[in-house]
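Asker: Numbering (full-length UniProt numbering), first residue to last: 1 to 611. Using N, Cα and C, we set each Cβ at its ideal position, and we do this for glycine too.
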Amino acid sequence: MHPALSMNKLSNLPPRTQRLARKVVEPTATLQDTLRLRDHLQQLPGHQQPSLLPIFYMTLDQEHIPSLDQLDSPVPLSNDHISRVYTSLLAVYALPNLPPDVFAVIFPRIVLWVQFLQTYCHYLDLAPCLPHGVPPSQNEICFTFFLFIGTFLDDEASTQTINRTLGVRFLVGRAWTFLVQSRNPTVLRIAFPDLTAFILHLVRDDPSRLQEFMDGIGEKLADVATLVMQSLQIVLGDNAFTGSMPDSYALHGIISLMANIDFMLVPEEESEILGPLSELLLARGIVKTLTLGARRAMTTVNVDVISACLALLSRIFSTRPGYASLPASIQDGLLDAIVFCGTCDIDTASTPHFPIILGTILPTSLAYYAVLSVMEKALREVTRTTSAMQFRRSAMFDQWQDFIKLAHKRLGVLHSFNSRVGPSLKACDNVQCDQIGEKTAFKRCAECLRVYYCSEACQTVDWSQGGHRDTCETYHVIGLGKQDSLSPRGRAFLRALLHHDYVLSKADIYLKVLGFMHRHPDTRFVVWFDYTGSLNITVEPFDSAMEILYAVDASSPHAGRLELHVMQVGLGGGKLSRELPRAQEEWDMDVVAGKVRSVLSRVPANAIEIH
1 MHPALSMNKL
11 SNLPPRTQRL
21 ARKVVEPTAT
31 LQDTLRLRDH
41 LQQLPGHQQP
51 SLLPIFYMTL
61 DQEHIPSLDQ
71 LDSPVPLSND
81 HISRVYTSLL
91 AVYALPNLPP
101 DVFAVIFPRI
111 VLWVQFLQTY
121 CHYLDLAPCL
131 PHGVPPSQNE
141 ICFTFFLFIG
151 TFLDDEASTQ
161 TINRTLGVRF
171 LVGRAWTFLV
181 QSRNPTVLRI
191 AFPDLTAFIL
201 HLVRDDPSRL
211 QEFMDGIGEK
221 LADVATLVMQ
231 SLQIVLGDNA
241 FTGSMPDSYA
251 LHGIISLMAN
261 IDFMLVPEEE
271 SEILGPLSEL
281 LLARGIVKTL
291 TLGARRAMTT
301 VNVDVISACL
311 ALLSRIFSTR
321 PGYASLPASI
331 QDGLLDAIVF
341 CGTCDIDTAS
351 TPHFPIILGT
361 ILPTSLAYYA
371 VLSVMEKALR
381 EVTRTTSAMQ
391 FRRSAMFDQW
401 QDFIKLAHKR
411 LGVLHSFNSR
421 VGPSLKACDN
431 VQCDQIGEKT
441 AFKRCAECLR
451 VYYCSEACQT
461 VDWSQGGHRD
471 TCETYHVIGL
481 GKQDSLSPRG
491 RAFLRALLHH
501 DYVLSKADIY
511 LKVLGFMHRH
521 PDTRFVVWFD
531 YTGSLNITVE
541 PFDSAMEILY
551 AVDASSPHAG
561 RLELHVMQVG
571 LGGGKLSREL
581 PRAQEEWDMD
591 VVAGKVRSVL
601 SRVPANAIEI
611 H
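(1) Terminal residues of the continuous alpha helix (DSSP H) containing Phe340?
(2) Who are the Cβ neighbours of Ala250 in its own chain at under 7 Å, not counting the five residues just before and after it?
(3) Helix or strand or just coil, what does DSSP make of Lys426?
(4) Whose C-beta lies closer than 7 Å to the C-beta of Asn536 among residues of the same chain, with five residues either side of it excluded?
(5) Against chain D, with Cβ distances strictly below 9 Å, would Thr299 count as a contact?
(6) Taking the alpha-carbon positions, what's the Phe213 to Phe263 distance?
(7) Under a three-way DSSP split, which group does Val503 fall into?
(8) Are the CB atoms of Val85 and Thr59 nearer to each other than 9 Å?
(9) Taking 6 Å as the limit between beta carbons, can you name the residues of its chain near Asp215, skipping five residues before and five after?
(10) Taking just the CA atoms, how far does Phe146 sit from Asn8?
(11) If you pair each beta-carbon of the segment 316-336 with each one of the segment 282-294, do three or more pairs fall below 8 Å?
(12) Around the Cβ of Asp125, are there at least 16 other Cβ atoms within 10 angstroms (buried) or fewer (exposed)?
(13) What's the C-alpha gap between Gly570 and Thr351?
(14) Can you give me the C-alpha to C-alpha distance between Leu358 and Gly173, rounded to a whole angstrom?
(15) Between Gly412, Arg19, Arg38, which lies nearest to Ala94 when the distance is taken from Cα to Cα?
(16) Residues in its own chain within less than 8 Å of Phe148 by CB, not counting five upstream and five downstream?
(17) Determine the DSSP secondary structure at Ile65, reduced to helix, strand or coil.
(18) When the Cα of Leu53 is compared with those of Leu71, His64, Val24, which residue comes out closest?
(19) Assuming Glu219 is part of the alpha helix (DSSP H), what are its boundary residues?
(20) If you check the beta carbons only, do Leu10 and Ser51 fall under 9 Å apart?
(21) Which partner residues does Arg444 have in the DSSP bridge list?
(22) Would you list, in sequence order, the uninterrupted alpha helix (DSSP H) runs of no fewer than 4 residues that lie entirely inside the segment 104-160?
(23) Note down the Cα distance separating Leu13 from Gln70, rounded to an integer number of angstroms.
(24) Taking 6 Å as the limit between beta carbons, can you name the residues of its chain near Asp223, skipping five residues before and five after?
(25) Report back the beta-carbon spacing between Ile254 and Val303 to the nearest angstrom; my notes put them in contact at under 8 Å.
(26) My output table needs one value for Phe170: the three-state DSSP class, helix, strand or coil.
(27) In chain order, what residues of the same chain lie with their CB nearer than 6 Å to the CB of Ala367, ignoring the 5 residues before and after it?
(28) Go ahead and pull the three-state DSSP assignment for Pro3.
(29) Quick one: which unbroken alpha helix (DSSP H) runs of 4-plus residues sit fully inside the segment 380-419? Chain order, please.
(30) Just to confirm the assignment, what range does the alpha helix (DSSP H) spanning Pro54 have?
(31) Given a threshold of 16 other Cβ atoms within 10 Å of its Cβ, counted over all protein chains shown, does Thr34 qualify as buried or as exposed?
(32) Per DSSP, Thr538 is paired with what?
(33) Tell me Glu438's beta-bridge partners as DSSP assigns them.
(34) Going straight from the alpha carbon of Arg384 to that of Phe198, what length do you get?
(35) Taking only the alpha-carbon atoms, compute the straight-line gap between Trp176 and Phe143 and give it to the nearest angstrom.
(36) On the three-state DSSP scale, how would you describe Val235?
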């Protein structure tokens, strides 16, 4: 037995205290005896209080835990003894300065009793144990237990003792629920740092035990998602608690937990796909919470919190589901948080998520109408920050300039698109028809929503002879079809953007096409517009995937005059979708000839002609 648990420790106490203590362990002891000793405990000097531990430890003997048979017995269970146990448990929690080696000895008994009490508290009358006379809930029992073990998390040996004890994670999961739902700033300030420390130890030391932790939170993954969101709102929210705690430490704990739960549930998940927990968090508004939280952290210059928020946002935006929330994040102040970090004394160039957001995610998004519609106002709001000399000297500045240059180009296209008058033009997608007219005069295929016809006759011909019967289903699989989450206006802008860049680059495209046809005379080709950054136009072979989508009869009336353009746009994590408009027009040979003459005029006089 540990010396601290010996009854000899009572000799350190005043005679009256010794009499009260010995009465608690007598066979005739009552709840009132235990309550009197608990109340008397608070009157003792701090250095004398641990001498009462042997008394309370004896009361917590696990041999007295009722068995299932006793619980099911028609003979009523003695509630007095259970109440004495709970009172002793609370008294142990209140003892100051317990050494870690003592904690290691008493911890097993405490865990067993807490597990019993929280499981059956609805059948027990524990109200007399508490001054306010209100019985504790299951989660409250777990929370008071967590407050006790939280004081030992700084000790490595104690932490290992806690982590290897089966059932503790379940209890802490319930404690977390009680803590967050209490919404008490004082309690949160005391307990939340210990909770996040426990979570960090959990995901670092033994992530395989996460399921036990999740079971304590709730039966469904949705319960975990709700609790995570409530915790993020506490850490990042605008309340009295924020700013008075190690916010970044708590935030990293929650983020680590999210990532590990997702990996546990889907170990082989693709980087472009959100994990099950992250999907639920996305639906609950995590992007807005992180964006606004990063902006609030600017007021206290808590760069670590801002950086942690941006790191998680970059991971979310790198997935297809998360990418759709980018416009709303920009509207909520994403750019503010990014450029603010540029003015702080941190190396944004060597922090992975800054180059990802500023060099990949944001430039790629500039092909989308929804993003550009909110981008102009967002850029105006950060002008003062980006004009400051501190920002201009930052590691972020050059990448920001590249982004701004591209953004202004695309915004110019947006202005033209928004100011156009009259309906847009459409061409009949029956390749045997030359009809071009106002879009309102055409009908769209109801299944793929991608092709237009001037008449039912043309639709019938294209279905039976033009190959649309075979390609209809695949249009929305590879192309930007009805599942792409784009609005009709968003799709119209993509077509307008491609048309704008096609007109500007027409002469260069002709030369590239001629070069390709010269090198590969028998190979069909497409003109490839890559919008995953600054525009890059290339001429590529017509691959098999496209051939399924777009089978053009070589003997059709349009053979030789029909160009196929492929628009490549980003859609989270570098994953690309394809927009395949069909451009029908005659080649302007005067433009081609002029461009060729321009090229020849730059040939050096001493060039050697090779035949």
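Answerer: Here's the rundown:
(1) Phe340 -> alpha helix (DSSP H) spans 334-343.
(2) Sequence-distant Cβ neighbours of Ala250 in its own chain, meaning closer than 7 Å and more than five residues away, are Phe192, Pro193, Thr196, Val235.
(3) In the structure shown, Lys426 sits in a strand (DSSP, three-state: E or B).
(4) Closer than 7 Å at the Cβ level, and outside the excluded window around Asn536, lie Asp530.
(5) Considering every chain present, this structure includes no chain D. It has just one protein chain.
(6) Phe213 and Phe263: Cα-Cα distance of roughly 15 Å.
(7) Residue state, collapsed to three classes: helix.
(8) A contact, by the Cβ cut-off of 9 Å.
(9) Within the same chain, and ignoring the five residues on either side of Asp215 in sequence, the residues whose Cβ sits closer than 6 Å to its Cβ are Phe170.
(10) Cα-Cα distance, rounded: 30 Å.
(11) Because the criterion of three Cβ pairs below 8 Å is met, the segment 316-336 and the segment 282-294 touch.
(12) Around the beta carbon of Asp125, fewer than 16 other beta carbons lie within 10 angstroms, which makes this residue exposed.
(13) Straight-line measurement puts the Cα of Thr351 at about 22 Å from the Cα of Gly570.
(14) Distance between the alpha carbons of Leu358 and Gly173 is about 37 Å.
(15) Answer by Cα proximity: Arg38.
(16) Val92, Tyr93, Ile110, listed in sequence order.
(17) Collapsing the DSSP output to three states places Ile65 in coil.
(18) Closest by C-alpha distance to Leu53, out of Leu71, His64, Val24, is Val24.
(19) For Glu219, no alpha helix (DSSP H) run applies, since DSSP gives it neither H nor E.
(20) It is a contact, given that the beta carbons lie within the stated cut-off.
(21) In the DSSP secondary-structure assignment, Arg444 is bridged to Tyr452.
(22) Here the runs fully enclosed are 138-150.
(23) Leu13 and Gln70 have their C-alpha atoms some 38 Å from each other.
(24) Shown here for Asp223: same chain residues with a beta carbon closer than 6 Å to its own, the five before and five after excluded, namely Ile217 in chain order.
(25) Taking a contact as a CB-CB distance under 8 Å, the pair Ile254 and Val303 does not count as one, their CB atoms being some 18 Å apart.
(26) In this structure, Phe170 counts as helix in the three-state DSSP scheme.
(27) Cβ within range, chain order: Tyr531, Val569.
(28) Of the three classes helix, strand and coil, the one that applies to Pro3 here is helix, per DSSP.
(29) You should have 383-387, 389-392, 397-419.
(30) It spans 53-59 - the alpha helix (DSSP H) in which Pro54 sits, taken as one unbroken run.
(31) By the 16-neighbour rule on beta-carbons within 10 angstroms, Thr34 is buried.
(32) Paired residues: Trp528.
(33) When DSSP reads this structure, Glu438 sits in a beta bridge with Leu425.
(34) Annotation: Arg384 to Phe198 spans about 42 Å, alpha carbon to alpha carbon.
(35) Computed Cα separation, rounded: 7 Å.
(36) Helix at Val235.
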